[in-house]
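Numbering (our numbering), first residue to last: 8 to 179.
#1: What do you reckon, are the CB atoms on residue 139 and residue 146 nearer than 8 Å?
#2: For the segment 131 to 157, list the alpha helix (DSSP H) runs that are entirely contained and at least 4 residues long, ordered along the chain.
#3: Going by DSSP in three states, residue 81 sits in which element: helix, strand or coil?
#4: According to DSSP, is residue 86 helix, strand or coil?
#5: Flag this pair as yes or no: are the beta carbons of residue 33 and residue 74 separated by less than 8 Å?
#6: Skipping 5 residues on each side, what residues in its chain have a beta carbon closer than 7 Å to that of residue 14?
#7: Using 8 Å as the threshold, is the C-beta distance between residue 80 and residue 29 below it?
#8: Can you tell which of 36, 45, 137 and 78 has its C-alpha closest to the C-alpha of residue 63?
#9: Quick check on this structure: which residue in 43, 10, 9 and 11 has the alpha carbon closest to the alpha carbon of residue 23?
#10: Look at the Cβ atom of residue 116, then the Cβ atom of residue 156, and state whether they are nearer than 8 Å.
#11: Span of the alpha helix (DSSP H) holding residue 52?
#12: Exposed or buried, what is residue 178 when buried is set at 16 or more other beta-carbons lying within 10 Å of its beta-carbon?
#13: Measure the C-alpha to C-alpha separation of residue 90 and residue 60 and round it to an integer number of angstroms.
#14: Suppose the cutoff is 8 Å on Cβ atoms and the five residues either side in sequence are ignored; what does the same chain contact list for residue 119 look like?
#15: Pull up the distance between the alpha-carbon of residue 37 and that of residue 12, whole angstroms please.
#16: According to the neighbour-count rule (16 or more other Cβ atoms, all chains shown, within 10 Å of its Cβ), is residue 35 buried or exposed?
See below:
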């Protein structure tokens, strides 16, 4: 009957490989944390690992999953900044929205609903899909198309009201 090697020798044999996997997924700064989390999880599960298992592949799988956990946690953390920007005053916000309402009103119904529910109300796409009777993918696409149309309309409005750039004269 085959026995697993002591866990200490497993760490020594595969530690460098696990660290490379962690660095590849989370980068240098968080790799040590991912490495530690990997071997803590592996230590807990090691006694139940079947003898003859591919230990390196098992550890790489754990390292990949722990690294992804760290990436997810990082995405939820606020990003530190040197100085906070001043929030726009309620008057400034209402002026910006005031300019957008006529443009939103001109969108096709599905785009208007998707933009309003997702971006203005803040509902996630699946919930918006339930409300409008569509799939989340269709709502996501309608919202994307609606935002693109709003950007084009806003850009066109600025171009019409602002100074026109000089036109190049054609070559003969």
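Think of the CB as a built atom: it goes at the ideal place given N, C-alpha and C, for glycine as much as any other residue.
Taking the definition as stated:
#1: What you label residue 139 is simply residue 132 of the chain shown in a count that begins at 1. What you label residue 146 is simply residue 139 of the chain shown in a count that begins at 1. Yes, the pair counts as a contact, with Cβ atoms nearer than the cut-off.
#2: 132 to 139
#3: Here the question's residue 81 lines up with position 74 in the chain shown. It is helical.
#4: For this step, residue 86 is matched to residue 79 along the chain shown. Coil at residue 86, not helix or strand.
#5: What you label residue 33 is simply residue 26 of the chain shown in a count that begins at 1. What you label residue 74 is simply residue 67 of the chain shown in a count that begins at 1. Yes, these two residues count as a Cβ contact at 8 Å.
#6: As a working note, residue 14 is residue 7 in the chain shown. The residues are 50 and 53.
#7: Indexing the chain shown from 1 puts residue 80 at position 73. Indexing the chain shown from 1 puts residue 29 at position 22. Not in contact: residue 80 and residue 29 (Cβ atoms no closer than 8 Å).
#8: Stepping through the chain shown from its first residue, residue 63 is reached at position 56. Comparing Cα-Cα distances from residue 63 to each of 36, 45, 137 and 78, the minimum goes to 45.
#9: Stepping through the chain shown from its first residue, residue 23 is reached at position 16. For the residues 43, 10, 9 and 11, the minimum Cα distance to residue 23 belongs to 43.
#10: Working through the chain shown from its first residue, we reach residue 116 at position 109. Working through the chain shown from its first residue, we reach residue 156 at position 149. Not in contact: residue 116 and residue 156 (Cβ atoms no closer than 8 Å).
#11: Within the chain shown, the letter at position 45 stands for residue 52. First-last of the alpha helix (DSSP H) with residue 52: 35 to 52.
#12: Taking the first residue of the chain shown as 1, we reach residue 178 at position 171. With a pLDDT of 46 at residue 178, under the threshold of 50, the predicted position of this residue should be treated as unreliable, and no value is reported.
#13: Here residue 90 corresponds to residue number 83 of the chain shown, with the count starting at 1. Here residue 60 corresponds to residue number 53 of the chain shown, with the count starting at 1. Using only the alpha carbons, I get a separation of about 52 Å.
#14: Walking along the chain shown from the start, residue 119 turns up at place 112. Correct list, in chain order: 111, 112 and 153.
#15: Looking up residue 37 in the chain shown gives position 30. Looking up residue 12 in the chain shown gives position 5. Their backbone Cα atoms lie some 28 Å apart in a straight line.
#16: For the purposes of this step, residue 35 is identified with residue 28 of the chain shown, where counting begins at 1. Exposed, by the Cβ-count rule.
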